[in-house]
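**Q**
Protein chains: 2
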Amino acid sequence: MPRSKGDHEARRHDVSAAVWQVMATRGFAGLTLRAVAAELGATTGLLTHYFPTKQALVAYALDLLEERTLSRPRRQSGGGLAALRDAILDILPLTSEARDSNRIWVSSWDNALADPALSADYARKYAEGRDRMLQRVIAAQEAGELPPGEPTDLAAGAQAFALGLVVQALFDPAAFPPGRQTELLDNYLAGLAAGPCPISSPDPHA
Amino acid sequence: MPRSKGDHEARRHDVSAAVWQVMATRGFAGLTLRAVAAELGATTGLLTHYFPTKQALVAYALDLLEERTLSRPRRQSGGGLAALRDAILDILPLTSEARDSNRIWVSSWDNALADPALSADYARKYAEGRDRMLQRVIAAQEAGELPPGEPTDLAAGAQAFALGLVVQALFDPAAFPPGRQTELLDNYLAGLAAGPCPISSPDPHA
């Protein structure tokens, strides 16, 4: 009996889930056909049908990472500064799903930095991320929620803050539980909102 | 003729240099006996004398990374806020040496996150790094260079900023040359120094 399209889709879904699980626990360094087969309860032989080479498996994993990142739900609690806060909350490992995807992103940096084409692709992705933050910084400045100042600096700083907090939280989840991450973010944003204080000059009418 | 201690030390130095160069260009994912042998112009057989297993090579590479990180020269341009700035400048990839060591650190995160013991060791290292920043934040607050406020938040935020800027600069050195990294750091520190502005209350004597 020929396999139906539904069977094929179901199997593909299972393979994706197994690849994801292996990456979330072992990283790209631990991503092997053998590990995926064990996770799937299948033979390595079956998997070579999907992934004839290690490179094919890694390419599939990178596509899966991008697909899941793009399709994840996004917070939308407002415009301006609230939207900037949402963008950073969407990055941070505040849930187990977000922890897994961040752990896989961080894990992928080793491969990406060793491959000039992939590295350029990552640089483009991060530049796009900064640009999304930039739009929100500008909106927050226009709304008077952030002080004037070079918005590209604020956007690059916000992305640095988010990425660095991700790394710290992945290595030390006990020191950076979700509430602590959010608190640090809110303190960071409060600092941006305060900005350089107006210089208090002596009252000329005194 | 038996080999002298000097020969042994010279060979060890060459092996370290080759391991470092492989990690700087290919990362931990590309760290193999074969790659180190090629870099050294030696046989894989010779290297198995130093590294009987892949694990031994990785352990050696991690030790080398820590040793070079601990022994690197540190900036000492002052106390308080200047010392906090120095600590962050010491982290950023502002020179080719610092770029290589950062690229190797970032590359090592994949392995470290997959290994609970290594992960705990990294968490401890980053906690020590935050503690060093904390001491400098407190000194800057005491000197009146930073506003009062929870110093542990400022220290964790500063480490996040530094780590995230490292990642961005590694992927996009054209967008983050040394001068731009320093500029972003100085803007970040200026924001911290400004802090929450004093609330201007109506003059009760008006």
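Protein chains in written order, with the working numbering: chain A, 339 to 544; chain B, 339 to 544.
Virtual Cβ for every residue (Gly too), placed ideally from N, Cα, C.
Predicted model, so just to flag it, every value in this text is computed and none were measured.
(1) Which of helix, strand or coil does DSSP assign to proline 489 of chain A?
(2) Could you check whether the Cβ of glycine 379 of chain B sits closer than 8 Å to any Cβ belonging to chain A?
(3) Kindly say whether tryptophan 443 of chain A, judged by its beta-carbon, lies nearer than 8 Å to any beta-carbon of chain B.
(4) Name the chain A residues that come within less than 9 Å of tryptophan 447 of chain B, Cβ to Cβ?
(5) Have a look at alanine 465 of chain A and histidine 346 of chain B and give me their C-alpha separation to the nearest angstrom.
(6) Going by CA-CA distance only, name the one from A/Glu480, A/Trp447, A/Phe389 and A/Leu419 that's closest to valine 505 of chain A.
(7) If I follow the unbroken alpha helix (DSSP H) through glutamate 466 of chain A, where does it start and stop?
(8) For the candidate residues A/Gly517, A/Ile429, A/Ala498 and A/Leu369, whose alpha-carbon lies nearest to that of threonine 391 of chain A?
(9) From the DSSP output, in three-state form, read off threonine 382 of chain B for me.
(10) Closer than 8 Å, CB to CB, is leucine 371 of chain B near chain A or not?
(11) Give me the chain A residues within the contact set of phenylalanine 499 of chain B, using Cβ-Cβ distance strictly less than 8 Å, ordered along the chain.
(12) For leucine 432 of chain B and aspartate 510 of chain B, I'd like the C-alpha separation in whole angstroms.
(13) Identify whether alanine 512 of chain A lies in helix, strand or coil by the three-state DSSP scheme.
(14) Just by C-beta distance, which residues in the segment 378 to 408 of chain A are closer than 7 Å to chain B?
(15) Rounding to the nearest angstrom, what Cα-Cα distance links leucine 422 of chain A and alanine 512 of chain A in this structure?
(16) Assuming glycine 502 of chain A and glycine 502 of chain B make a contact with CB atoms under 8 Å, what is their CB distance in whole Å?
(17) Can you list the residues of chain A that glycine 545 of chain B reaches, using a CB-CB cut of under 7 Å?
(18) Considering only residues of the same chain and omitting the five flanking positions on each side of lysine 499 of chain B, which have a CB-CB separation below 6 Å?
(19) Can you pull the chain B residues whose beta carbon is under 9 Å from the beta carbon of glycine 416 of chain A, in chain order?
(20) Going by CA-CA distance only, name the one from A/Ala507, A/Arg518 and A/Pro489 that's closest to leucine 522 of chain B.
(21) So which residues of chain B does leucine 522 of chain A contact, with C-beta pairs closer than 8 Å?
(22) In this structure, how does DSSP classify leucine 402 of chain B when only helix, strand and coil are distinguished?
(23) Since threonine 382 of chain B and leucine 395 of chain B are thought to touch, with beta carbons under 8 Å apart, how far apart are those beta carbons, to the nearest angstrom?
(24) Closest to alanine 528 of chain B by CA distance: which of B/His351, B/Ala507 and B/Ala478 is it?
(25) Using a Cβ-Cβ cut-off of 7 Å (strictly less than) and excluding sequence neighbours within five positions of leucine 472 of chain A, which residues of its own chain qualify?
(26) Use the C-beta contact count for arginine 474 of chain A: other C-beta atoms within 10 angstroms, 16 or more gives buried, fewer gives exposed.
(27) Is the shortest distance between the beta-carbon of serine 457 of chain A and the beta-carbons of chain B less than 8 Å?
(28) Would asparagine 525 of chain B count as contacting chain A if we go by Cβ distances under 8 Å?
(29) Given that alanine 478 of chain B touches chain A, what residues does it touch there, using C-beta distances under 8 Å?
(30) Are the beta-carbon atoms of alanine 427 of chain A and arginine 413 of chain A separated by less than 8 Å?
(31) At a CB-CB cut-off below 7 Å, which residues of chain B make contact with leucine 530 of chain A?
(32) Give the range of the alpha helix (DSSP H) segment to which leucine 422 of chain B is assigned.
(33) Looking at the C-beta of aspartate 513 of chain A, does it have a partner C-beta in chain B at a distance below 8 Å?
(34) For a test of the three-state rule: what should DSSP assign to arginine 412 of chain A, helix, strand or coil?
(35) Which one of A/Phe366, A/Tyr388 and A/Arg364 has the shortest CA to CA distance from valine 353 of chain A?
(36) Below 8 Å between beta carbons is the criterion; list the residues of the segment 418 to 433 of chain A that meet it against any residue of chain B, in chain order.
**A** Put simply:
(1) By 1-based counting over the first sequence, the position of residue 489 of chain A is 151. Reduced to three states, the DSSP call for proline 489 of chain A is helix.
(2) Here residue 379 of chain B corresponds to residue number 41 of the second sequence, with the count starting at 1. Cβ-Cβ to chain A under 8 Å: no for glycine 379 of chain B.
(3) Here residue 443 of chain A corresponds to residue number 105 of the first sequence, with the count starting at 1. So, not an interface residue.
(4) The sequence position of residue 447 of chain B within the second sequence is 109, counting from 1. Result: Gly365, Val444, Ser445, Trp447, Asp448, Val505, Leu508 and Phe509.
(5) Counted from its first residue, the first sequence places residue 465 of chain A at position 127. Counted from its first residue, the second sequence places residue 346 of chain B at position 8. Straight across, the Cα-Cα distance linking alanine 465 of chain A with histidine 346 of chain B is about 48 Å.
(6) By 1-based counting over the first sequence, the position of residue 505 of chain A is 167. Restricting attention to A/Glu480, A/Trp447, A/Phe389 and A/Leu419, the CA atom closest to the CA of valine 505 of chain A is found in A/Trp447.
(7) The sequence position of residue 466 of chain A within the first sequence is 128, counting from 1. Taken as a continuous stretch (DSSP letters only), the alpha helix (DSSP H) holding glutamate 466 of chain A covers 454 to 480.
(8) As a position in the first sequence, residue 391 of chain A is number 53, starting the count at 1. Residue A/Leu369 holds the alpha-carbon nearest to the alpha-carbon of threonine 391 of chain A among A/Gly517, A/Ile429, A/Ala498 and A/Leu369.
(9) As a working mapping, residue 382 of chain B is identified with position 44 in the second sequence. Secondary structure of threonine 382 of chain B (DSSP, three-state): helix.
(10) As a position in the second sequence, residue 371 of chain B is number 33, starting the count at 1. No, leucine 371 of chain B lies away from the interface with chain A (no Cβ there is under 8 Å from its Cβ).
(11) As a working note, residue 499 of chain B is residue 161 in the second sequence. Ordered by position in chain A, the residues that pass the 8 Å Cβ test against phenylalanine 499 of chain B are Gly495, Ala498, Phe499 and Gly502.
(12) Translated into positions along the second sequence, residue 432 of chain B becomes position 94. Translated into positions along the second sequence, residue 510 of chain B becomes position 172. Approximately 13 Å between the Cα atoms of the pair.
(13) The residue given as residue 512 of chain A occupies position 174 in the first sequence. Coil.
(14) Taking 7 Å as the Cβ-Cβ cut-off against chain B, none of the residues of the segment 378 to 408 of chain A qualify.
(15) For this step, residue 422 of chain A is matched to residue 84 along the first sequence. For this step, residue 512 of chain A is matched to residue 174 along the first sequence. Rounded to the nearest angstrom, the two C-alpha atoms are 26 Å apart.
(16) As a position in the first sequence, residue 502 of chain A is number 164, starting the count at 1. As a position in the second sequence, residue 502 of chain B is number 164, starting the count at 1. That belief holds up - the Cβ atoms of glycine 502 of chain A and glycine 502 of chain B are roughly 3 Å apart, short of 8 Å.
(17) Outside the shown range of chain B (339 to 544) lies residue 545 of chain B, about which nothing can therefore be said.
(18) Counted from its first residue, the second sequence places residue 499 of chain B at position 161. Sequence check: residue 499 of chain B is phenylalanine here, not lysine. Cβ neighbours of phenylalanine 499 of chain B within its own chain (closer than 6 Å, five residues either side excluded): Tyr526.
(19) Within the first sequence, the letter at position 78 stands for residue 416 of chain A. For glycine 416 of chain A, none of the residues of chain B pass the 9 Å Cβ criterion, the least Cβ distance being about 22 Å.
(20) Taking the first residue of the second sequence as position 1, residue 522 of chain B is located at position 184. It is A/Pro489 whose Cα lies nearest to the Cα of leucine 522 of chain B.
(21) The residue labelled residue 522 of chain A in the question sits at position 184 within the first sequence. Simply Asp491, Ala494, Gly495 and Ala498.
(22) Looking up residue 402 of chain B in the second sequence gives position 64. Secondary structure of leucine 402 of chain B (DSSP, three-state): helix.
(23) Within the second sequence, numbered from 1, the residue matching residue 382 of chain B stands at position 44. Within the second sequence, numbered from 1, the residue matching residue 395 of chain B stands at position 57. With 8 Å as the limit, threonine 382 of chain B and leucine 395 of chain B do not qualify as a contact, their Cβ atoms being about 11 Å apart.
(24) For the purposes of this step, residue 528 of chain B is identified with residue 190 of the second sequence, where counting begins at 1. Of B/His351, B/Ala507 and B/Ala478, the residue nearest in Cα terms is B/Ala478.
(25) Sequence index remark: in the first sequence, residue 472 of chain A carries index 134 (1-based). Taken in chain order, the residues that qualify are Pro489, Thr490 and Ala493.
(26) As a position in the first sequence, residue 474 of chain A is number 136, starting the count at 1. Buried, by the Cβ-count rule.
(27) Here the question's residue 457 of chain A lines up with position 119 in the first sequence. By this cut-off, serine 457 of chain A is an interface position.
(28) Start at 1 with the first residue of the second sequence, and residue 525 of chain B comes out as number 187. Contacts with chain A at 8 Å (Cβ-Cβ) include asparagine 525 of chain B.
(29) Numbered from its first residue, the second sequence carries residue 478 of chain B at position 140. Below the 8 Å Cβ cutoff, chain A contributes no neighbours of alanine 478 of chain B, its closest Cβ being approximately 14 Å away.
(30) The residue you call residue 427 of chain A lines up with position 89 of the first sequence. The residue you call residue 413 of chain A lines up with position 75 of the first sequence. Just to set this straight, residue 427 of chain A is leucine in the shown sequence, not alanine. In terms of Cβ geometry, leucine 427 of chain A and arginine 413 of chain A form a close pair [threshold 8 Å].
(31) For this step, residue 530 of chain A is matched to residue 192 along the first sequence. Residues of chain B whose Cβ lies closer than 7 Å to the Cβ of leucine 530 of chain A are, in chain order, Gly529.
(32) If you number the second sequence from 1, residue 422 of chain B lands on position 84. Leucine 422 of chain B -> alpha helix (DSSP H) spans 418 to 429.
(33) Here the question's residue 513 of chain A lines up with position 175 in the first sequence. Correcting the residue identity first, residue 513 of chain A is alanine in this sequence and not aspartate. Chain B contact via Cβ: present.
(34) In the first sequence, residue 412 of chain A corresponds to position 74, counting from 1. Collapsing the DSSP output to three states places arginine 412 of chain A in coil.
(35) Translated into the one-based positions of the first sequence, residue 353 of chain A becomes position 15. The shortest C-alpha separation from valine 353 of chain A is found at A/Tyr388.
(36) Going along the segment 418 to 433 of chain A in chain order, one finds no residue with a Cβ nearer than 8 Å to chain B.
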